[in-house]
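Worksheet: one structure, shown below.
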Amino acid sequence: MGRKIFAPTWKSMLRNKLRDFFPWFYQMLGYVLPQTEVDKFFIRVVVETMDYREKNNIIRNDFIDTLRELKKHPEKMANIEITESLLASQAFVFFLAGFETSSTTISNALYELALNPNIQDKLRNEINEYHVKYNGDLTYDIIKKMDYLDKVFKGTL
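Whatever position you read off the sequence shown (first residue = 1), add 101 for the working numbering.
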């Protein structure tokens with residue numbers, strides 16, 4: 102889905118030109134133009150994730166939980182209506198901000214690891230150690246505990 106966001110289509114180019122050159126017309130049409138596949142995807146993912154976490158009482162202290170708090174306490178957002186579309190758009194912007202930078206960072210880290218086999222071996226050992234320790238699970242919380250992995254990525258930046 103990330104690649105679809107950046108892939109130019111004639112519809113996206115038309116929307117962008119309308120927004121750039123005729124903002125008043127774009128605003129008027131914005132409500133009429135159908136949602137794209139990407140829009141629908143993000144709205145569905147955000148809404149389903151928030152609902153699932155709410156029903157199962159899951160708290161991960163991440164961006165989705167921040168959006169859940171906004172939804173629970175709309176008074177914190179003076180004069181702004183908290184809609185599913187607004188929440189999904191915030192998640193979308195968050196995703197976009199990290200999409201390209203994350204792939205570039207990972208590519209650079211892999212390149213540096215290929216040039217430094219000793220560091221690569223040390224990192225592989227740490228990952229294998231955690232893999233065994235947590236019975237094959239590598240969740241977000243477990244990955245956050247990997248100190249050497251953190252150092253490798255910070256060194257890449």
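Note that beta-carbon positions come from the ideal geometry of N, C-alpha and C, so glycine has one too. Please read these numbers as outputs of a predicted model, since none were measured by experiment.
- Judged by DSSP in its simplified three-state form, Thr205 adopts helix.
- Burial state of Leu188 is buried, judged by a 10 Å Cβ sphere holding 16 or more other Cβ atoms.
- Around the beta carbon of Ala192, 16 or more other beta carbons sit within 10 angstroms, so the residue counts as buried.
- The alpha-carbon separation between Tyr127 and Thr110 amounts to approximately 17 angstroms.
- For Glu138 and Ser113, the gap between their C-alpha atoms comes out near 12 angstroms.
- Note on geometry: alpha-carbon atoms of Asp152 and Thr202 lie some 29 angstroms from one another.
- When only Cα atoms are considered, Leu211 and Leu250 end up about 12 angstroms apart.
- Three or more beta-carbon pairs separated by less than 8 angstroms link the segment 241-250 to the segment 218-232, which places the two stretches in contact.
- Closest by C-alpha distance to Lys252, out of Lys223, Leu239 and Asp238, is Lys223.
- With a 10 Å radius around the Cβ and a threshold of 16 neighbouring Cβ atoms, Ile144 comes out buried.
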